[in-house]
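Numbering (my numbering), first residue to last: 33 to 309.
Each residue gets a CB set at the ideal place from its N, CA and C atoms; glycine is no exception.
Computed from a predicted model, the values in this text were never measured in an experiment.
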Amino acid sequence: MKESERKHRILILGASGFIGNAIYKELCSYFKTFGTYRVPHKIFKNNNHFLQYNVEQDDVYEVLEATKPSIIISALRGDFNAQTIAHQHIAEYVLEHDCKIIFLSSANVFDAYSKYPSYELDKTFSGSIYGHFKIKIENMLLRLPKKKTAIVRLPMVLGAQSPRIKELRQHLADKTAIEIFPNIIMNVTTDSKVTQQIHYIINRNKSGVFHLGSIDLVHHDEYIKDIVTQMTSKNGVVYKHVYTTNEDRYLAVLPKFNKLPKHLQVTSQEVLLELNK
């Protein structure tokens, strides 16, 4: 066992969510790993490594004091104001302790830029409330010493149990229209690839900004249709074309400076293949 694997205590905030839970499952065999859950559930209640935490009601300090993490992975969801306060407290804790934070951000920090894909050092600029919120947390954490922060920007994350795939299944079952955006060019990834990449960032003690999307780009409408084709052989699937702009608009995060090794990179075709397993 590596020294880093022996010494790290990892706290995943939001470990009951789709991505947070995937990260927990990836790391718990290698590190002393703790997670938080929001809604009481027998699976989590019976696991001594899970703590109940409601970002709107509870003080994150109590969770930090109880787990004493050396790495905090933030996959939190919930009220943006409450999350902002929680991350202020987390930043204070990281500054005062031998601790690092890995923050799961989003391609939406660039959603006001439309003409090009975005790279790690590009200036963030968002037109959405969600993107603004992610930028606010990023800027707060980037003021910490460089070695203490890793910002992980994610595109659309897919997986058998991902909210997007569940939503598509529901539309197919209900025979309702599936929204597609013909002018959006994006990249994608899977929960399993993201968890491997985060494991690597921990093992190699990496810091800075990471763009963890597929190395190639796809059109939203074509890609969703490819996924649906894998899910059903039936004809007559209803699509609703949504045009937010007359020109192609990019919502893609590509790596240029913090590239991960080849075996940790992914293509949109590999994502499709994984969804078909």
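- Take Glu128, set aside five residues on each side of it, and no residue of its chain has a beta-carbon closer than 6 Å to its own.
- Out of Lys198, Thr221, Lys225, the CA that lies nearest to the CA of Ile210 is found in Lys198.
- In this structure, Ile161 is the residue among Ile161, Ile104, Ala98, Ser146 with its C-alpha nearest to the C-alpha of Asn113.
- About 16 Å separates the beta carbon of Ser102 from that of Phe135, a gap too long to meet the 8 Å contact definition.
- With distances taken between CA atoms, Leu176 lies nearest to His119 out of Tyr232, Tyr282, His119.
- Per DSSP, reduced to three states, the secondary structure at Lys272 is strand.
- Cβ neighbours of Gly191 within its own chain (closer than 6 Å, five residues either side excluded): Thr222, Asp223.
- As DSSP reads the structure, Tyr282 sits in a beta bridge with Ile217.
- Judged by DSSP secondary structure, Tyr56 falls within the alpha helix (DSSP H) whose first and last residues are 50–59.
- Counting only runs of 4 or more residues that sit fully inside the segment 138–208, the alpha helix (DSSP H) segments are 161–174, 195–206, in chain order.
- Burial check for Pro195: the Cβ neighbour count within 10 Å stays below 16, so the residue is exposed.
- Residue nearest to Thr276 within the set Thr299, Lys179, Ser146 is Ser146 (criterion: CA-CA distance).
- Secondary structure note for His40: it is in no alpha helix (DSSP H), with a DSSP letter that is neither H nor E.
- For Tyr69, the three-state secondary structure derived from DSSP is strand.
- For the pair of segments examined, the segment 164–181 was found not to touch the segment 80–100: the number of CB pairs separated by less than 8 Å stays below three.
- Under the criterion of beta carbons closer than 8 Å, Tyr69 and Ala47 qualify as touching, at roughly 6 Å.
- A Cβ-Cβ contact shorter than 8 Å links Ala284 with Ile217.
- By alpha-carbon distance to Thr181, the top candidate from Ile247, Asp258, Ile122 is Ile122.
- Taking the C-beta atoms as reference points, Val298 is found no nearer than 8 Å to Lys238.
- The beta carbons of Val303 and Ser246 sit closer together than 8 Å.
- Bounds of the alpha helix (DSSP H) holding Gln115 are 112–128.
- Here Ile104 is near Cys131, since their CB atoms are less than 8 Å apart.
- Comparing C-alpha distances from Arg41 to each of Gly67, Val274, Asp258 shows the shortest one belongs to Gly67.
- Gly240 is bridged by DSSP to Ala182.
- Only residues of its own chain outside the window of five on either side were considered, and among them Ala107, Arg109 have a CB closer than 7 Å to the CB of Gly49, listed in chain order.
- Under a 10 Å Cβ-count criterion, Phe242 is classified as buried, with 16 or more other Cβ atoms of the shown protein chains found around its own Cβ.
- A check of alpha carbon separations from Leu83 across Leu204, Leu43, Arg281 identifies Leu43 as the nearest.
- Contact annotation: Asp111 and Val87 have beta-carbon atoms nearer than 8 Å.
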